[in-house]
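Comments concern the structure below.
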Amino acid sequence: MGIVAPALPAFATSFDVGVTAAGFIVSAFAMMRLLFAPLSGRLVSAAGERTIYVIGITIVGISSTACAFADSYWQLLIFRALGGIGSTMFTVAGVGLLIRMSPPHLRGRASGVWATSFLLGNVSGPIVGGVMVGYSLRLPFVTYGIALFGAAFLGWFLLRKSTLAAPLGDDATPSMPLGEAMRMRSYVASLLSNFGNGWAVFGVRIALVPLFVVEALKAPQSMSGIALSVFAVGNAGVLLLSGRMTDRHGRKPMVLIGLVVSGVATASLGFTTSVPVFLAASLIAGMGAGVLNPAQNAAVADIIGGNRRGGTVLATFQQAADLGAILGPLIAGVLADTVSYQAAFLVTGATAALGLLAWVGAPETRPRPESGTEQVRAAA
1080 MGIVAPALPA FATSFDVGVT AAGFIVSAFA MMRLLFAPLS GRLVSAAGER TIYVIGITIV
1140 GISSTACAFA DSYWQLLIFR ALGGIGSTMF TVAGVGLLIR MSPPHLRGRA SGVWATSFLL
1200 GNVSGPIVGG VMVGYSLRLP FVTYGIALFG AAFLGWFLLR KSTLAAPLGD DATPSMPLGE
1260 AMRMRSYVAS LLSNFGNGWA VFGVRIALVP LFVVEALKAP QSMSGIALSV FAVGNAGVLL
1320 LSGRMTDRHG RKPMVLIGLV VSGVATASLG FTTSVPVFLA ASLIAGMGAG VLNPAQNAAV
1380 ADIIGGNRRG GTVLATFQQA ADLGAILGPL IAGVLADTVS YQAAFLVTGA TAALGLLAWV
1440 GAPETRPRPE SGTEQVRAAA
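In this text, residue positions in the sequence shown follow the numbering used here: the first is 1080, and each later residue adds one.
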């Protein structure tokens, strides 16, 4: 997605729409992820991770290629929204497979490696996309679509013999009911922190940062891609270290640190008046998100455990981020249009406080090292 991030808001506004409408393009993608997340969880349980993973990537590839040929705002909106269906399919399938394959004492590191693989694209993608928009706003979408078709084939090839990725049989691994997870304070706290993360990272960062860089800081369009990449660099730079510290010191301390750093840095973005200061704040915000994500992902993995599937629990966790990614661009876009960019980023940073308050009262989830089984400290 990184490669299309610099082009998406500008491409939307090229159809003579405002900041709010451009933000809705980002929200539509997340909205479809939100709506189809429960179905994706059931599809993973029925058809297996491999099948849903490959189909999901293929759908996103088709929709992204179609975006390049959109002739109106509404066509772009529809094509982009369809991509959200495929996105939620391969995300739920991929995370489900990661949890089942990762032993409890390595979950933080596994989550860090998983996130790093995404960040490599988010670091290089906006830079490449920023260069491409100088030639055509449509070129990044075509390039992204072709890359996804290759990724779908590679995923099928590497997972074709995996028994963990296969459909469930009659002796199916039991699934964790959502109601059981909702009775755990740590899971509810994870939902709230992921909501704020989705609002800031997957919503406002994509929808508003490129516009703020160009309109408020008066920087060239290519600088929007660099700004997005700087956030990703900060994120990627701490992910592996954060994963190790999460496994060593617990999930909760890292979540709290990540929420404070990312929230404060994000709130400060709108008050920057020069590109270097904005890039510095983006770097710190990325580092905060990099500390947060492996820890909260590992916490959810602890709650589910490795001896059962948690498609619905995972899908709901993902839905929290998607809901934030829907509301974030819409509310922040309205604030940017009617009040100021400062207000938009200030409210975005404040969403981290929701998760912070919930996590302060939540128990640690890391399994006790002395326990021979996976005994998670996440009771209500």
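All residues carry an ideal CB built from backbone N, CA and C; glycine is no exception. As the structure is a computational prediction, the values presented were derived from the model and not from experiment.
Beta-carbon proximity list for residue i, same chain, < 7 angstroms, skipping 5 on both sides
i, result
"SER1347", "ALA1360"
"ALA1400", "ASN1273, PHE1274, ASN1276, GLY1277, PHE1281"
"VAL1210", "SER1301"
"VAL1413", "THR1099"
"GLY1140", "GLY1224, LEU1227, PHE1228, ALA1231"
"GLY1097", "ASP1416"
"VAL1171", "ALA1116, SER1119, GLY1120, VAL1123, GLY1390, LEU1393, ALA1394, GLN1397"
"THR1325", "GLY1187, MET1333, PRO1373, ALA1374, ALA1377"
"VAL1370", "VAL1317, SER1321, MET1333, ILE1336, GLY1337, VAL1340"
"ASP1250", "With a pLDDT of 47 at ASP1250, under the threshold of 50, the modelled position of that residue is not reliable, and no figure is offered here."
Unbroken alpha helix (DSSP H) run spanning residue i, endpoints
i, result
"ILE1305", "1300-1328"
"PHE1169", "1152-1180"
"LEU1287", "First-last for LEU1287: undefined, no H or E at that position."
"LEU1185", "That residue, LEU1185, is in no alpha helix (DSSP H); it is neither H nor E in DSSP."
"GLY1434", "1431-1439"
"MET1111", "1098-1126"
"LEU1358", "1354-1383"
"PHE1350", "PHE1350 -> no alpha helix (DSSP H), and no H or E assigned at all."
"PRO1085", "Taken as a continuous stretch (DSSP letters only), PRO1085 belongs to no alpha helix (DSSP H), as it is neither H nor E."
"SER1215", "From DSSP, SER1215 is part of no alpha helix (DSSP H); its letter is neither H nor E."
"GLY1275", "1264-1276"
Residue i versus residue j: straight-line alpha-carbon distance, rounded
i, j, result
"ASP1381", "MET1255", "12 angstroms"
"VAL1293", "PRO1088", "11 angstroms"
"SER1341", "LEU1118", "31 angstroms"
"ALA1116", "GLN1397", "7 angstroms"
"ILE1217", "VAL1288", "The displayed chain sequence assigns Arg, not Ile, to residue 1217. Distance between the alpha carbons of ARG1217 and VAL1288: 19 angstroms."
"VAL1267", "PHE1274", "11 angstroms"
"GLN1421", "VAL1212", "27 angstroms"
"GLY1120", "ILE1410", "29 angstroms"
"VAL1042", "ARG1262", "Residue 1042 lies beyond the range of the chain shown here (1080 to 1459); nothing can be said about it."
"ALA1189", "LEU1290", "34 angstroms"
"LEU1433", "ILE1285", "21 angstroms"
"GLY1322", "ALA1298", "35 angstroms"
"GLY1403", "ALA1368", "15 angstroms"
"LEU1307", "PRO1085", "8 angstroms"
"ALA1260", "GLY1384", "11 angstroms"
"VAL1079", "PHE1094", "Residue 1079 is absent from the model: the chain starts at 1080 and stops at 1459."
"THR1092", "ALA1101", "6 angstroms"
"VAL1379", "ARG1330", "10 angstroms"
"GLU1128", "LEU1271", "26 angstroms"
"CYS1146", "THR1222", "11 angstroms"
"LEU1233", "GLY1191", "21 angstroms"
"ILE1305", "GLY1258", "43 angstroms"
"THR1351", "ALA1364", "13 angstroms"
"VAL1174", "ALA1125", "16 angstroms"
"VAL1105", "SER1203", "20 angstroms"
"TYR1152", "VAL1439", "43 angstroms"
"GLU1443", "THR1130", "34 angstroms"
"ARG1264", "ARG1327", "22 angstroms"
"ALA1295", "SER1353", "9 angstroms"
"ILE1082", "MET1180", "30 angstroms"
"PHE1169", "ALA1149", "24 angstroms"
"LYS1430", "ILE1405", "Correcting the residue type first, residue 1430 is Thr in the shown sequence and not Lys. If I take the Cα positions, the gap works out to 14 angstroms."
Other residues of its chain near residue i: CB distance less than 6 angstroms, five sequence neighbours each side excluded
i, result
"SER1142", "PHE1158, LEU1161, GLY1162"
"TRP1033", "Outside the shown range of the chain (1080 to 1459) lies residue 1033, about which nothing can therefore be said."
"PHE1090", "LEU1216"
"ALA1279", "THR1345, THR1427"
"THR1167", "ARG1112, PHE1115, ALA1116, SER1119"
"ASN1372", "ALA1194"
Neighbourhood of residue i by C-beta, 8 angstroms cutoff - its chain only, sequence neighbours within 5 removed
i, result
"LEU1362", "VAL1309, PHE1310, VAL1312, GLY1313"
Discussion item. Below 8 angstroms, how does it come out for the segment 1421-1435 and the segment 1333-1346: are there three or more Cβ pairs, yes or no?
Written reply: The segment 1421-1435 vs the segment 1333-1346: in contact.
Worksheet item: Taking one C-beta from the segment 1100-1112 and one from the segment 1156-1165 each time, how about it: are there three or more such pairs within less than 8 angstroms?
Response: The count of Cβ pairs closer than 8 angstroms, one atom from the segment 1100-1112 and one from the segment 1156-1165, reaches three, so the stretches are in contact.
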